[in-house]
Structure formats: structure tokens, C-alpha cells
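Participant: Under this note's numbering, the first residue of the sequence shown is numbered 1, with each subsequent residue one higher.
Pasting a structure here, questions to come.
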Amino acid sequence: MALLVSSVQFQPGLRIVYSVQKRQNPNNILHKRSQSKTRFSFSSNSINQRYRYISPLNSASINGYSVQEADSSEKLGVKWMEFVRNVFPGGNWWRLDVDDIGITAKPVTVVRALHRMWELIAQDGLLIFAAFTALIITALSEISIPHFLTASIFSAQSSSIAVFHRNVRILVVLCIISGICSGVRGCFFGLANMILVQRMREKLYSTLLLQDISFFDSETVGDLTSRLGADCQQVSRVIGNDLNLILRNVLQGTGALAYLLILSPPLGLCTLAICCALLTIMLLYGQYQKKAAKLIQEYTASANEVAQETFSLMRTVRVYGTEEQELGRYARWLGKLADISLRQSAAYGYWNFSFNTLYHSTQ
1 MALLVSSVQF QPGLRIVYSV QKRQNPNNIL HKRSQSKTRF SFSSNSINQR YRYISPLNSA
61 SINGYSVQEA DSSEKLGVKW MEFVRNVFPG GNWWRLDVDD IGITAKPVTV VRALHRMWEL
121 IAQDGLLIFA AFTALIITAL SEISIPHFLT ASIFSAQSSS IAVFHRNVRI LVVLCIISGI
181 CSGVRGCFFG LANMILVQRM REKLYSTLLL QDISFFDSET VGDLTSRLGA DCQQVSRVIG
241 NDLNLILRNV LQGTGALAYL LILSPPLGLC TLAICCALLT IMLLYGQYQK KAAKLIQEYT
301 ASANEVAQET FSLMRTVRVY GTEEQELGRY ARWLGKLADI SLRQSAAYGY WNFSFNTLYH
361 STQ
């Protein structure tokens, strides 16, 4: 009768040994050794022993797929879901980090900004009045053009020659008025914008010159020159581009919506709902762009500060051989600028997608 003798060894690699012996020794000896690794062994005094080793399983499989492959695919799926969740609006990728810079200025509201700009260009109020008058006439002309164009097509189909000629003449006059007033509007808003930037830089420069000496000890030259250059240039598009387009679109949209509500109330209400959705998206997009623009101004000022310090201390930089360190400092701010610009471009892509989708749905 064969005796099954097993040797169990508590080690990192578990090994099970089966020994088959033809003869049996009735005296089995239990050996216990007090070592760092405890070992129990059942042995017999036999000369000829046959051993069969069974190695531990390196991997398991479920339905033909190994557990390791299943775990890796699961981890890949989790990472992909996290990436998608971060990239979509509201994810962690869209959060703008403001810890690197100290923004201590008070937030400026739209009403306060418009009031300050009006103080700078109040002396040229007649120019602003002429620009807004041309804007209103252009908007009314562009609203009326589709109506008379449709009337001309219908009168031509109904063979009403007199009505057709009258509608065509009105349409031509409206097109000419719209073109002239649009050009006047752009010219006057451009002049107002130039006057605003000029007086803003003069006012800022005079304010900086009258500051206390301690102010210049706490502020860097690169930061101040960036305020005079890049920040004023950023504001230069407010009147010439932003206010111009906003007021024109508001007037045209309001007039077209009122005309559509009179023509077809159900279609007008549907368009009104889409316009409300667009307004909500526009407000969210505007807030994000405002924060991103502020960070871009701060990062640009910091990059200019690094360049100003390096150029003013070029002899010291050459003596100590710190060109690579200065280049790394400058590249760090450039990388942050590129990161913010990438997010701005992605936000503009989402805005353009939603705007075109909702706009074409009204058609």
C-alpha cells in the first residue's frame, strides 16, 4: 500500500511535493525548525523516492480570456471614461488655475466698465451718437430686406408688374442705405475706438507717474509696460468690435423675432425658445472667456517681466551661465499661455457647434 507523503513549505513560492513510496516506515518524524521562515515537513526514511512537482498557476482564464487581459482592458476603459468626463464641459480640464498669480484687483462689472469708457470719450459724444444712428438705420434696413425680397418674388409669380417694380425699387433703396450706413457705422466706431485707446493710455501713464515711490518698488517694469501695451490693446476692440456687433445683433434679432411672431406665432415661440438656449450658452461662454482673458493678461505680464529682468541683467546672466535657467523660466510662462489658448479654442469650438446647431434648427 502506497503512502502519500506531502511536504508543505511556507515560502514566497509555494511548492507541493507528492512522494509515492512502496514501503512504509511506521515512525514518522515531525521536524520543526525555528527560523525566520517556518517549515513543516513529513518525511520517511526511504532510499528510492519518486517526486512529482506541481508549479503554482501563473495566470487564470475566464471564458478563454486571461484575468490579466481582463484587468488591463477594465483599467483602459476606466481611464477612457475619466478622459471623456474631463474633456466635456464642466470637467477638471476646463478649470483655470489662478494660484500661480496673485489677482488682487476687484472684479469689474459691465456697467462700471461702460461708465469708465464713457468718461474717456464723453468729449466726442457727437461721434458716438452718429455711429449709433447709423447702426440703427443699418439694422432696420437689413430687417426689411427679406420682407421686400419675398414680396418681389411673389409679385413676379402672380404677374403683378406694377407691384413687382415697386418692391424692386424699395429693395434697391434699402440695399443702398444699408451699405452706406454700414460703412459709416464701421468708420465712426473705429474712430471712437482709437480715441478711447489713446486717452486710456494717457490716463494710465499719468496715473502711474503720480504714484508713490513705494509703488514702483513692489511692481516690476515688465508688468507695468504690459499694462500700457497689451492690456490697452485688448480693450481697443471693445467699442470697434464688441459693442458694435452686440448692438447690431440685438437690434436685428429683436426686429426679426417680432416680425416672426406676427407672421407665425408657433414658429416665433419655437424660435424664442432656441434664442433663450443660445443666450444661456452665450452667458456661460462669456464668463469663461472673461476669466481666460484675465489669465492671459497676467501670464503675458509675467513673461514680459522675466524677459525684462534677463535683458537688464544680461552681464550677470553671462557670468554665471544661467541662460538655460532663464530660458526655462520664460518657456514656463509661454507654456501656460499656450495651455490657456488651447482651452479658449476648445471653448470656442463648443460654442460654435452649439450656435450653428441651434441656429440652423430655426431654419
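Beta carbons: idealized from backbone N, C-alpha and C, even for Gly.
Ends of the alpha helix (DSSP H) at F355?
Facilitator: E323 to S361
Participant: Can you tell me the Cα-Cα spacing of V84 and V306, whole angstroms?
Facilitator: Each residue's alpha carbon lies about 36 Å from the other.
Participant: Could you name the residues of the same chain whose beta carbon sits closer than 7 Å to that of E142, not counting the 5 residues immediately before and after it, in chain order?
Facilitator: S178 and Q252
Participant: Using 8 Å as the cut-off, can you tell me whether the stretch 117-134 makes contact with the stretch 195-203, which would need three or more C-beta pairs spanning the two stretches below that distance?
Facilitator: yes
Participant: In whole angstroms, what is the alpha-carbon distance linking L267 and Y259?
Facilitator: About 11 Å.
Participant: Quick one: grab the DSSP three-state call for E74.
Facilitator: helix
Participant: On the three-state DSSP scale, how would you describe G179?
Facilitator: helix
Participant: Should V87 go down as buried or exposed, given a rule of 16 or more other Cβ atoms within 10 Å for buried?
Facilitator: exposed
Participant: Give the secondary structure of E142 by DSSP, where H, G and I count as helix, E and B as strand, and everything else as coil.
Facilitator: helix
Participant: What are the boundary residues of the alpha helix (DSSP H) that includes R318?
Facilitator: Its alpha helix (DSSP H) spans residues M314 to Y320.
Participant: Using alpha carbons as the reference points, say which of R95, K79 and P89 lies closest to D339.
Facilitator: R95
Participant: Could you tell me whether the stretch 155-173 touches the stretch 234-242, where touching means 3 or more Cβ pairs closer than 8 Å?
Facilitator: With a cut-off of 8 Å, the stretch 234-242 and the stretch 155-173 do not count as touching, because too few Cβ pairs lie within range.
Participant: Return yes when the Cβ of Q344 is within less than 9 Å of the Cβ of A303, no when it is not.
Facilitator: No, Cβ-Cβ distance for A303 and Q344 is not below 9 Å.
Participant: Looking at A131: is its Cβ nearer than 9 Å to the Cβ of F189?
Facilitator: yes
Participant: Spatial neighbours of L204 within its chain, please: CB distance less than 8 Å, with the 5 preceding and 5 following residues excluded, ordered by chain position.
Facilitator: R227, L228 and C232
Participant: On the DSSP letters alone, give me the boundaries of the alpha helix (DSSP H) that V221 sits inside.
Facilitator: V221 -> alpha helix (DSSP H) spans V221 to S226.
Participant: When burial is assigned at 16 or more other CB atoms within 10 Å of the CB, is G349 buried or exposed?
Facilitator: exposed
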